[in-house]
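S.K.: Here's a structure for you.
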Amino acid sequence: MKKRAVIAAFLLFTSFIVLAQVKNSTLTETQQSAKPSKTSVQEGHYCEYCKLSYPESHFPCIMKSIKGKLDAATGDINFTAGQPVAGIVVKGNTNTGDLLALTTNEKGEIEFNNASTGNYKFVVSVPSTNPNSRVAGSPIGGILIKGGKNPGGNSIILITNENGEIELQNISAGKYKFIALGASEDEKTNSLYKSVYSEKVNP
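Going by UniProt numbering, the first residue of the sequence shown is number 1, and it counts up by one from there.
Below you can see the structure in the form of structure tokens.
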């Protein structure tokens with residue numbers, strides 16, 4: 001009788017262990033399947049902003065990440081006047097052929113060291129994070145660029161044209177710091193800001 005009771009207790013104990021293992025295994029599989037996966041969508045887009053995968057291009061997230069607004073119908077890009085624009089790409093060439101590739105920080109700033117007196121042409125654009133997006137890598141017009149030699153330089157104020165371009169002419173050697181800002185409608189139509197830089201037009 002005691003022998004049967006021991007066997008029954010042993011079988012009951014074993015059943016509890018097996019049941020617990022099955023539950024733990026099922027719970028682990030459920031948790032793993034619930035996690036968003038970068039590889040779950042073969043031809044899709046994993047958005048670093050949303051932390052989710054999408055079956056196709058998710059271009060609005062690019063604009064959210066750089067604090068801009070995108071009109072999905074027209075593709076027009078707008079920023080709040082006077083507010084810094086973070087995360088946009090600024091690429092420049094000098095007359096000596098040197099290439100600069102910079103990205104504005106969270107304050108909308110870029111810095112670079114100009115080795116010798118010369119001219120620069122910069123293009124401001126949306127980052128090409130998602131190559132499937134129709135705005136990724138596109139130039140951004142109407143961005144106000146303010147700054148100059150840091151420290152002690154004259155103030156330079158320029159605005160990007162429709163091709164996202166600005167030009168700095170005959171700037172002297174030294175360290176430069178600029179901030180990218182959203183422009184007001186008055187600033188966008190101000191011919192002074194649209195001119196290439198010189199001491200005469202941008203004191």
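We treat Cβ as the ideally placed atom computed from N, Cα and C, and that holds for glycine.
Is residue 165 near residue 122, with beta carbons less than 8 Å apart?
M.R.: Taking the first residue of the sequence shown as position 1, residue 165 is located at position 165. Taking the first residue of the sequence shown as position 1, residue 122 is located at position 122. Cβ distance < 8 Å, so residue 165 and residue 122 count as in contact.
S.K.: For my contact list, residue 114 and residue 152 are in at a C-beta cut-off of 8 Å; report their separation, rounded to the angstrom.
M.R.: Mapped onto the sequence shown, residue 114 falls at position 114. Mapped onto the sequence shown, residue 152 falls at position 152. About 14 Å separates the two Cβ atoms, so there is no contact after all.
S.K.: Which residue spans inside the stretch 165 to 191 form an unbroken beta strand (DSSP E) run of at least 3?
M.R.: You should have 165 to 171, 174 to 182.
S.K.: Out of 157, 176, 129, 169, point me to the one whose CA is closest to residue 149's CA.
M.R.: Taking the first residue of the sequence shown as position 1, residue 149 is located at position 149. Here the closest residue by C-alpha is 176.
S.K.: Note down the Cα distance separating residue 109 from residue 178, rounded to an integer number of angstroms.
M.R.: Working through the sequence shown from its first residue, we reach residue 109 at position 109. Working through the sequence shown from its first residue, we reach residue 178 at position 178. About 6 Å.
S.K.: From the DSSP output, in three-state form, read off residue 138 for me.
M.R.: One-based indexing of the sequence shown puts residue 138 at position 138. Note: residue 138 maps to coil in three-state DSSP.
S.K.: Here's the rule: buried if 16 or more other CB atoms are within 10 angstroms of the residue's CB, otherwise exposed. What is residue 182?
M.R.: Residue numbering aside, residue 182 sits at position 182 when the sequence shown is read from its first letter. The residue is buried, with at least 16 neighbouring Cβ atoms inside 10 Å.
S.K.: Straight-line CA distance for residue 84 to residue 55?
M.R.: The residue labelled residue 84 in the question sits at position 84 within the sequence shown. The residue labelled residue 55 in the question sits at position 55 within the sequence shown. Whole-angstrom Cα-Cα distance: 32 Å.
S.K.: With distances taken from CA atoms, which of 159, 169, 172, 111 is nearest residue 187?
M.R.: Here residue 187 refers to the residue found at position 187 of the sequence shown. Nearest C-alpha to residue 187: 159.
S.K.: List the residues that DSSP assigns as beta-bridge partners of residue 101.
M.R.: The residue you call residue 101 lines up with position 101 of the sequence shown. Per DSSP, 91.
S.K.: At the level of alpha carbons, what is the spacing between residue 80 and residue 184?
M.R.: For this step, residue 80 is matched to residue 80 along the sequence shown. For this step, residue 184 is matched to residue 184 along the sequence shown. So the two alpha carbons sit approximately 8 Å from each other.
S.K.: Which stretch, first to last residue, makes up the beta strand (DSSP E) that contains residue 107?
M.R.: The residue given as residue 107 occupies position 107 in the sequence shown. Careful: residue 107 lies outside any beta strand (DSSP E) and carries neither H nor E.
S.K.: Quick one: measure Cβ to Cβ for residue 126 and residue 145, integer angstroms, because I've assumed they're closer than 8 Å.
M.R.: Walking along the sequence shown from the start, residue 126 turns up at place 126. Walking along the sequence shown from the start, residue 145 turns up at place 145. Residue 126 to residue 145, Cβ: 16 Å. No contact.
S.K.: Short of 6 Å in beta carbon distance, which residues of its chain neighbour residue 102, apart from the five on each side in sequence? Order them along the chain.
M.R.: As a first step, residue 102 must be located in the sequence shown, where it is residue number 102. So the qualifying residues of the chain are 90, 110.
S.K.: Does the distance from the C-beta atom of residue 124 to that of residue 62 stay below 8 Å?
M.R.: If you number the sequence shown from 1, residue 124 lands on position 124. If you number the sequence shown from 1, residue 62 lands on position 62. No, these two residues do not count as a Cβ contact at 8 Å.
S.K.: Provide the residue span of the beta strand (DSSP E) that contains residue 123, from first to last.
M.R.: For the purposes of this step, residue 123 is identified with residue 123 of the sequence shown, where counting begins at 1. From DSSP, the beta strand (DSSP E) with residue 123 extends over 118 to 125.
S.K.: Express the C-alpha separation of residue 74 and residue 67 in angstroms, rounding to a whole number.
M.R.: Walking along the sequence shown from the start, residue 67 turns up at place 67. Walking along the sequence shown from the start, residue 74 turns up at place 74. Between residue 67 and residue 74, the C-alpha separation is close to 18 Å.
S.K.: Would DSSP call residue 65 helix, strand or coil?
M.R.: Here residue 65 refers to the residue found at position 65 of the sequence shown. The answer is helix: DSSP assigns residue 65 an H, G or I state.
S.K.: Could you tell me the boundaries of the beta strand (DSSP E) in which residue 53 lies?
M.R.: As a first step, residue 53 must be located in the sequence shown, where it is residue number 53. Where residue 53 is concerned, the enclosing beta strand (DSSP E) stretches over 52 to 54.
S.K.: Would you give the residue range spanned by the beta strand (DSSP E) that residue 82 belongs to?
M.R.: For this step, residue 82 is matched to residue 82 along the sequence shown. Per DSSP, residue 82 belongs to no beta strand (DSSP E) and is neither H nor E.
S.K.: Using the DSSP secondary-structure output, state which residues sit across from residue 149 in a beta bridge.
M.R.: Locating residue 149 in the sequence shown gives position 149, where the first residue counts as 1. Its beta-bridge partners are 176.
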